[in-house]
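Visitor:
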Amino acid sequence: MAAPTEQRIAVPIDDPNADTEWNDILRKHGVIPQKPPSPTPMIEEAILEGRRIAHENRLEGKELDELDELEDEEDEAFLEQYRQKRMQELNNLTKKSIHGTVYPISKPEYSREVTEASHKGPVFVHLTASLGTNVESKVLSGLWRQAAKEYGDIKFCEIRADKAIENYPDRNCPTILVYKNGDIVKQIVTLATVGGVRTSMLQVDDLLVEVGAVDAKDMRVVKRKRDAEDAKEEALMGKGVKSGNLRHASAVDDDDDDWD
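If you're matching positions, the sequence shown starts at 1 in UniProt numbering and goes up one per residue.
1. Look up residue 340 in the DSSP assignment and say whether it is helix, strand or coil.
2. Report yes if the C-beta distance between A161 and A129 is below 9 Å; otherwise report no.
3. At which residues does the alpha helix (DSSP H) containing V194 begin and terminate?
4. Would you identify the three-state DSSP class for L64, choosing helix, strand or coil?
5. Could you tell me whether any Cβ in chain B is nearer than 9 Å to the Cβ of I25?
6. Could you tell me which whole beta strand (DSSP E) segments of length 3 or greater appear in the segment 123-184?
7. Is it buried or exposed for D15, if we count other Cβ within 10 angstroms and need 16 for buried?
8. Identify which residue in Y103, G121, A117, N181 has its Cα closest to the Cα of R145.
9. Measuring only the C-alpha atoms, how far is G182 from S141?
10. Tell me, which residues are paired with I105 by DSSP?
11. Excluding the 5 residues flanking H119 on each side, which residues of the same chain have their C-beta closer than 7 Å to its C-beta?
12. Name the two residues that bound the continuous alpha helix (DSSP H) containing R27.
13. Tell me the DSSP secondary structure of K232 in three-state form.
14. Count the other CB atoms, across all protein chains shown, that sit within 10 Å of the CB of A148; report buried if there are 16 or more and exposed otherwise.
15. For K223 and T101, what's the separation of their Cα atoms in angstroms?
16. When you compare only the Cα positions, how much space is there between D227 and V221?
17. What residues match up with K186 in a beta bridge as DSSP calls it?
18. At the level of alpha carbons, what is the spacing between P41 and Q34?
19. Kindly indicate which three-state DSSP category D205 falls into: helix, strand or coil?
20. What's the C-alpha gap between L67 and S200?
21. Report, in whole angstroms, the separation of the C-beta atoms of E136 and G196, which I expect to be a contact under 8 Å.
22. According to DSSP, is V31 helix, strand or coil?
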């Protein structure tokens, strides 16, 4: 007589992650794995933490006149704390602002004005194009002037590339060289990797932060980023209003067509 064959019962499983009584029984007996914990609480916690940090730092980067405008909205003690902090930062910047302009240098001056000077602080050099048709070089010259004015504590220099390095090709201009402690720590050849002709002070700020010339929390850096974000948000809101107006105009036109 043949041995009876073992019969297996197929366990119906629709969705092993579904919250059903049947799935609870299967999990209890190890038929299906335990349901992984929901990521929702972690996400909500991260969002709340982000909001808390943003709220605590809401006055970062604001200038004294902007702080004065918030007297009716913020706690006076909290506001005064930021006023004192901002005044201290401004005083420190004033003491350190020993430059404030772009230094045009020659090859004989290069070692003294750049290499040796970089032992006292970072030096940023713009190797300019020999041809006046190089648009990127013109853009960087303008940014260099603005940066030198805003960051008077940092030394910015300019020299024609072929005067600094014999036969240096114009196609590699503008070139940025950053010196610290007598060595080149950063080199950027043309503005292609940082924004091209659309390069702005935001990218210059990023470079200064990257090489450690300024802190990421520097009020000048924070303010420019905040202003850029505000401008972007306003532009998006403007587009939304325009789109809404267009839809409204289209709806009006459709209504007019019904009367034709």
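Glycine is no exception: its CB is placed at the ideal position from the N, C-alpha and C atoms.
Bear in mind the structure is a predicted one, so any value in this text is a computation, not a measurement.
Guide: This is what the structure holds:
1. The question about residue 340 has no answer, for the chain in this structure spans 1 to 260.
2. Position 161 of the sequence shown, counted from the start, is the residue given in the question as residue 161. Position 129 of the sequence shown, counted from the start, is the residue given in the question as residue 129. Yes, the pair counts as a contact, with Cβ atoms nearer than the cut-off.
3. In the sequence shown, the residue the question calls residue 194 occupies position 194. Here V194 belongs to no alpha helix (DSSP H), and DSSP marks it neither H nor E.
4. The residue labelled residue 64 in the question sits at position 64 within the sequence shown. Confidence at L64 is low in this model, with a pLDDT of 48, below 50, so the placement of that residue should be treated as unreliable; the coordinate-derived value is given next. Residue state, collapsed to three classes: helix.
5. As a matter of chain content, chain B is missing from the structure shown, which is built from one protein chain.
6. 123-128, 155-160, 175-180
7. On the sequence shown, residue 15 is found 15 positions in, with the first residue counted as 1. The residue is exposed, with fewer than 16 neighbouring Cβ atoms inside 10 Å.
8. Stepping through the sequence shown from its first residue, residue 145 is reached at position 145. R145 has its Cα closest to that of Y103, out of Y103, G121, A117, N181.
9. Here residue 182 refers to the residue found at position 182 when the sequence shown is read from its first residue. Here residue 141 refers to the residue found at position 141 when the sequence shown is read from its first residue. Cα-Cα distance, rounded: 24 Å.
10. Reading the sequence shown from its first residue, position 105 is the one you call residue 105. Per DSSP, none; premise fails for I105.
11. Taking the sequence shown and counting its residues from 1, the one referred to as residue 119 is at position 119. Counting only Cβ-Cβ distances below 7 Å, and skipping sequence neighbours, we find N181, G182.
12. Position 27 of the sequence shown holds residue 27. Taken as a continuous stretch (DSSP letters only), the alpha helix (DSSP H) holding R27 covers 21-28.
13. Taking the sequence shown and counting its residues from 1, one reaches residue 232 at position 232. Residue state, collapsed to three classes: helix.
14. Within the sequence shown, numbered from 1, the residue matching residue 148 stands at position 148. Buried, because 16 or more other Cβ atoms sit within 10 Å of the Cβ of A148.
15. For this step, residue 223 is matched to residue 223 along the sequence shown. For this step, residue 101 is matched to residue 101 along the sequence shown. Cα to Cα, the separation comes out at about 21 Å.
16. Counting from one through the sequence shown, the residue named residue 227 turns up at place 227. Counting from one through the sequence shown, the residue named residue 221 turns up at place 221. Distance between the alpha carbons of D227 and V221 is about 10 Å.
17. Counting from one through the sequence shown, the residue named residue 186 turns up at place 186. Answer is V178.
18. For the purposes of this step, residue 41 is identified with residue 41 of the sequence shown, where counting begins at 1. For the purposes of this step, residue 34 is identified with residue 34 of the sequence shown, where counting begins at 1. Annotation: P41 to Q34 spans about 18 Å, alpha carbon to alpha carbon.
19. Working through the sequence shown from its first residue, we reach residue 205 at position 205. It is helical.
20. Here residue 67 is taken as the residue at index 67 of the sequence shown, counted from 1. Here residue 200 is taken as the residue at index 200 of the sequence shown, counted from 1. Confidence is the limiting factor: at L67 the pLDDT is only 49, short of 50, which leaves the residue's position unreliable and the question unanswerable from this model.
21. Translated into positions along the sequence shown, residue 136 becomes position 136. Translated into positions along the sequence shown, residue 196 becomes position 196. Right, their Cβ atoms sit about 7 Å apart.
22. Against the sequence shown, residue 31 aligns to sequence position 31. Note: V31 maps to coil in three-state DSSP.
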